[in-house]
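One structure is given here, and the rest of the page talks about it.
Residue numbers (full-length UniProt numbering): 1 to 622.
Below you can see the structure in the form of structure tokens.
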């Protein structure tokens with residue numbers, strides 16, 4: 001082929017369909033090269049545009065989004081970034097659908113009316129339809145014609161899908177084209193087409209062979225299409241038969257693909273809710289599937305996954321109020337979470353690094369008195385600032401695509417899921433706290449070494465610490481009124497016993513290293529005192545430490561939660577607290593952040609024990 005017309009003639013006489021896009025692309029690339037070398041640049045440009053038309057993704061799921069490079073109904077095939085001379089990066093899309101103009105869609109309209117190959121014709125038609133830039137694209141007779149052509153194409157794909165075969169993808173193409181046809185009819189309110197499509201979709205769903213390998217997805221997709229347009233389908237089909245067919249599919253999937261059975265049951269749960277039917281049977285079926293998944297993973301000695309399925313099954317039985325199954329799953333859940341094995345990763349610091357740290361510590365100790373040591377301990381930036389940590393998190397996310405996109409869960413030591421991060425913003429926050437954790441581990445190790453060496457050198461003691469703190473706001477009196485009685489308190493007084501116990505334990509341990517260091521009492525005490533100090537600081541700034549709430553007709557007053565205090569202390573132009581943001585993040589990480597140490601929750605709920613859980617926790621609170 002040496003001309004575009006020759007390509008068009010070949011296309012019209014061919015049996016090309018959506019599985020032929022690679023052949024079409026190759027033909028257009030070869031033709032483009034010939035036209036360029038012949039100096040026919042205008043025809044070559046048209047040839048290149050034709051190639052783009054067949055490469056564009058067309059779906060109602062695409063919406064106009066400048067950041068993602070999409071327009072309504074149309075999206076690129078490839079995306080990437082381009083580095084400019086100044087080092088900045090810009091997004092690059094091919095085809096760049098956002099740059100198409102009215103003349104481009106007028107060309108598609110012309111080709112739509114000329115083309116005889118059904119697949120190619122609908123590709124041009126969808127370009128015209130989604131543009132909404134030409135008068136023709138807005139006409140209902142055009143929409144009606146395109147809808148019926150897509151319907152015919154879907155039927156062709158259905159016939160090819162039923163032929164089976166290992167690499168037969170027509171079942172997916174069938175649903176995609178059928179959905180486009182139906183959505184065009186629905187949006188244009190084409191009553192005859194809607195009725196024809198509804199009847200066809202329902203009959204296809206009912207007649208689908210659930211035993212055919214690899215094709216059960218279409219059963220669920222059709223079910224989803226019907227339930228998504230429930231208002232239209234409800235008076236035209238029997239949804240009870242849809243439920244029955246989905247159960248048939250779920251039981252077939254249960255033999256080979258348990259997750260597939262879950263998906264099928266979920267479709268029924270949606271329909272049952274829409275119909276106002278009881279969901280008990282579906283919920284019980286789903287719980288039983290989760291139990292099978294639990295047993296399967298337990299058999300593989302994968303207790304971490306098994307406990308998650310046990311939790312899922314337990315929640316469903318709780319919703320059904322089936323006490324026998326609740327008791328059974330509670331017992332099983334307890335057994336499984338005790339079997340969980342988590343990996344631990346260790347990375348030794350280079351000897352040169354540790355030697356340099358030790359040398360710097362000894363030099364500081366030799367050159368400083370007790371006051372200087374305390375000042376050094378308090379004001380040294382043991383950790384990177386949050387902006388640097390965020391950069392590290394962003395860099396890691398770019399290098400590890402999965403960490404930037406995948407939802408994440410946090411498990412406690414029992415295997416319980418205590419938090420999840422699903423949205424893009426939540427995942428970014430989780431990656432920040434992960435990077436923060438790595439930085440904290442290194443910084444705390446150095447700080448711990450400095451603290452112990454200073455204590456052993458006799459330059460850090462209980463008395464020197466108290467002498468320093470007595471010169472701070474912690475020793476300023478706070479006057480409170482308790483039921484008309486004035487009471488004077490000093491925040492430092494609540495800290496004295498905890499600090500005294502810390503140094504007493506250090507004395508006992510270094511006098512006799514067989515002495516069991518009482519980190520339990522120290523950690524528990526300092527953790528709870530920290531919240532008290534935060535409240536004291538809020539009082540000093542004039543920030544209310546209480547809030548009102550409504551309980552029925554009654555108006556109640558309660559103390560703010562610690563997360564409320566953290567929010568109140570965040571410095572901004574509108575809220576000038578002057579509370580150092582690095583300190584605020586650090587205290588939050590230690591006390592309440594689930595990705596962090598979360599000490600307040602662990603202490604308050606008795607989740608720490610005489611294991612490594614208590615080691616060094618007291619130090620990060622000093």
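All C-beta atoms in this analysis are idealised placements derived from N, C-alpha and C, irrespective of residue type, glycine included.
Drop a sphere of 10 angstroms on the beta-carbon of residue 72, count the other beta-carbons inside from all chains shown, and report buried for 16 or more, exposed for fewer.
exposed
For the region 452 to 469 against the region 493 to 500, are there 3 or more C-beta pairs whose distance is under 8 Å?
yes
Answer yes if the region 140 to 148 comes into contact with the region 176 to 196, meaning at least three C-beta pairs across the two stretches below 8 Å, and no otherwise.
yes
Does DSSP classify residue 345 as helix, strand or coil?
Confidence is the limiting factor: at residue 345 the pLDDT is only 47, short of 50, which leaves the residue's position unreliable, though a coordinate-based value still follows. Correct three-state label for residue 345: coil.
Assigned secondary structure, residue 77 (DSSP; H/G/I helix, E/B strand, else coil):
coil
Look at the alpha carbon of residue 60 and the alpha carbon of residue 51, and state the distance between them as a whole number of angstroms.
21 Å
Within a Cβ cutoff of 7 Å, which residues of the same chain sit near residue 555, ignoring the five residues on either side of it in sequence?
548
Select from 552, 242, 538 and 579 the residue whose C-alpha is nearest the C-alpha of residue 561.
538
Residue 536 to residue 454, Cα distance in whole Å?
30 Å
Per DSSP, the bridge partner or partners of residue 57:
75
Spatial distance of residue 403 from residue 431 (CA atoms)
Confidence in residue 403 is poor, its pLDDT being 42 and thus under 50, which makes the residue's placement too unreliable to answer from.
Within a Cβ cutoff of 6 Å, which residues of the same chain sit near residue 268, ignoring the five residues on either side of it in sequence?
243, 246 and 282
Outcome for residue 598 when other beta-carbon atoms lying within 10 angstroms are tallied against a minimum of 16
buried
Enumerate in chain order the residues of its own chain whose CB-to-CB distance from residue 125 is below 7 Å, with the five nearest sequence positions on each side excluded.
112, 146 and 149
Beta-carbon proximity of residue 287 to residue 258, cut-off 7 Å:
no
Whole-angstrom Cβ separation of residue 357 and residue 444, contact assumed at under 8 Å?
Incorrect: roughly 13 Å between the Cβ atoms, too far for contact.
Would DSSP call residue 63 helix, strand or coil?
coil
Do the region 151 to 162 and the region 42 to 56 meet, that is, are 3 or more Cβ pairs less than 8 Å apart?
no
Quick one: any contact between the region 21 to 35 and the region 93 to 113, if contact means 3 or more CB pairs under 8 Å?
no
Pick from 260, 195 and 210: whose alpha carbon is nearest that of residue 229?
195
Beta-carbon proximity list for residue 481, same chain, < 6 Å, skipping 5 on both sides:
none
So is residue 285 buried or exposed if we call it buried at 16+ other beta carbons inside 10 Å?
buried
Using beta-carbon positions only, say whether residue 373 and residue 459 come within less than 7 Å of one another.
yes
For a quick check, are the C-beta atoms of residue 505 and residue 518 less than 7 Å apart?
yes
To the nearest angstrom, how far is the alpha carbon of residue 134 from that of residue 159?
35 Å
Would you check if the distance between the CB atom of residue 303 and the CB atom of residue 332 is smaller than 7 Å?
no
What first and last residue would you give for the beta strand (DSSP E) that runs through residue 548?
546 to 551
Determine which residues share a DSSP beta bridge with residue 556 and list them.
549
Which residue wins for smallest C-alpha separation from residue 435, given the options 425, 33, 390 and 474?
390
Tell whether a beta-carbon distance below 7 Å holds between residue 127 and residue 108.
yes
Tell me the DSSP secondary structure of residue 10 in three-state form.
helix
Limits of the alpha helix (DSSP H) - the one that residue 491 falls within:
491 to 511
Quick one: Cα of residue 222 to Cα of residue 202, how far?
8 Å
Among 167, 117 and 104, which residue has its Cα nearest to the Cα of residue 137?
104
Kindly indicate which residue of 239, 289, 53 and 1 has the alpha-carbon position closest to the one of residue 262.
289
In this structure, what does DSSP give as the bridge partners for residue 486?
481
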